[in-house]
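Peer 1: Using this note's numbering, the letters of the sequence shown correspond one by one to residues -18 to 113.
C-beta atoms are modelled at their ideal positions from N, C-alpha and C, and glycine is treated no differently.
Take a look at the following structure, please.
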Amino acid sequence: LGVGELPQGFQLQEESGTLPDSNRDKNDAINIDTNGRNVAPPAVTTATEFAQWQETKAQADKAFKGKDWHTASSLYSKALGEMGELTATLNRATLLSNRALVKAKLDDWKGSLEDSTMATQVEASWSKGWIR
């Protein structure tokens, strides 16, 4: 792609003639955090997929609270895989940061550093990524 060119099939909002959420399915999940950032998946993700992702994350959080580090690590990895690259940046950074903390609890310092580094690359302004 040249400078200023968009991939085939993409248009600028002004060119498309549609509003940003005009083609969003009414069943798609929309979540805004306290800082006004969109923490929901993009419109291409269905509400069912997002609900499954939320359930996996909740299970991972429960395993973390129960100090079941291996299960927590596995579930955070599963949640990252379920949403792949489509995960909103704050969600992705949160999962990576949480998994980094779990890896530190398991004395996997290299893995912890890798995950926390990725978390800061995904969402540089989110302070938790830098702390872990």
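Span of the alpha helix (DSSP H) holding A100?
Peer 2: It spans 90 to 103 - the alpha helix (DSSP H) in which A100 sits, taken as one unbroken run.
Peer 1: Let me make sure I understand the geometry here. Which of Y57, E63, D89, D88 has the alpha-carbon closest to that of S78?
Peer 2: Residue Y57 is the option with its Cα nearest to S78.
Peer 1: Inspect the beta-carbon positions of A53 and A41 and report whether they are closer than 8 Å.
Peer 2: Yes, the pair counts as a contact, with Cβ atoms nearer than the cut-off.
Peer 1: Considering only residues of the same chain and omitting the five flanking positions on each side of L61, which have a CB-CB separation below 8 Å?
Peer 2: T68, R73, L76, L77, R80, listed in sequence order.
Peer 1: Going by the beta-carbon positions, is the gap between K84 and D96 smaller than 8 Å?
Peer 2: Closer than 8 Å, so yes.
Peer 1: Taking just the CA atoms, how far does W34 sit from E104?
Peer 2: Spanning the two alpha carbons is a distance of roughly 19 Å.
Peer 1: In this structure, how does DSSP classify K109 when only helix, strand and coil are distinguished?
Peer 2: In this structure, K109 counts as helix in the three-state DSSP scheme.
Peer 1: Ignore the nearest five residues each way along the sequence and tell me which others in S93's own chain have a CB closer than 7 Å to its CB.
Peer 2: The answer, listed in chain order, is A81, K84, A85.
Peer 1: Spatial neighbours of H51 within its chain, please: CB distance less than 8 Å, with the 5 preceding and 5 following residues excluded, ordered by chain position.
Peer 2: Cβ neighbours of H51 beyond the five flanking positions: L87.
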